[in-house]
Amino acid sequence: MGLFISDLHRHIEQLHQEQYAGSTAADTFTVYRGQGLSAKDFRQMIKIKGSLISFNNFFSTSKDRDLSYAFAESNQANPDLVGILFIMKVDPSQSTSPFALIAGI
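Each residue of the sequence shown is one higher than the one before, starting from 8 at the first, in the numbering used here.
Take a look at the structure:
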């Protein structure tokens, strides 16, 4: 599994260079992620609302807010989860972690 993750990371780094080399702050865009969080994790999120959050894993986002909202909303059926919609402003000129548009790959 470690080899797969390393290869995936390298591929994302390569795509990031191809897609965002020479980007400026004017190229900032918004992506969304809908998901379910435990009530405990949700309470922690409420405390830091508006703050910088760091993720240490791979995850998918969408430029389609409605699609991401549907993912968040789909968690309503599970009483142990709270649906949440992350709204992330991305400035590719300030990125420290690689990311890439993978639609169509």
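Quick reminder that beta carbons are idealized off the backbone N, C-alpha and C, glycines included.
From residue i to residue j, what does the alpha carbon distance come to, in whole angstroms?
i          : j           : result
residue 66 : residue 93  : 12 Å
residue 20 : residue 112 : 15 Å
residue 90 : residue 78  : 8 Å
residue 57 : residue 84  : 27 Å
residue 26 : residue 109 : 10 Å
residue 50 : residue 41  : 17 Å
residue 16 : residue 52  : 27 Å
Per DSSP, what are the beta-bridge partners of residue i in this structure?
i          : result
residue 36 : 97
residue 45 : 88
residue 13 : In DSSP, residue 13 forms no bridge with anything.
With H, G and I counted as helix, E and B as strand and the rest as coil, what does DSSP make of residue i?
i           : result
residue 91  : strand
residue 22  : helix
residue 102 : coil
residue 69  : strand
residue 62  : coil
residue 30  : coil
residue 74  : helix
Compare the beta carbon distance of residue i and residue j with 8 Å and say whether it is the shorter of the two.
i          : j           : result
residue 75 : residue 81  : no
residue 99 : residue 34  : yes
residue 96 : residue 31  : no
residue 88 : residue 61  : no
residue 10 : residue 107 : no
Does chain B have any CB closer than 8 Å to the CB of residue i?
i           : result
residue 108 : In summary, chain B is missing from the structure at hand, where a single protein chain is found.
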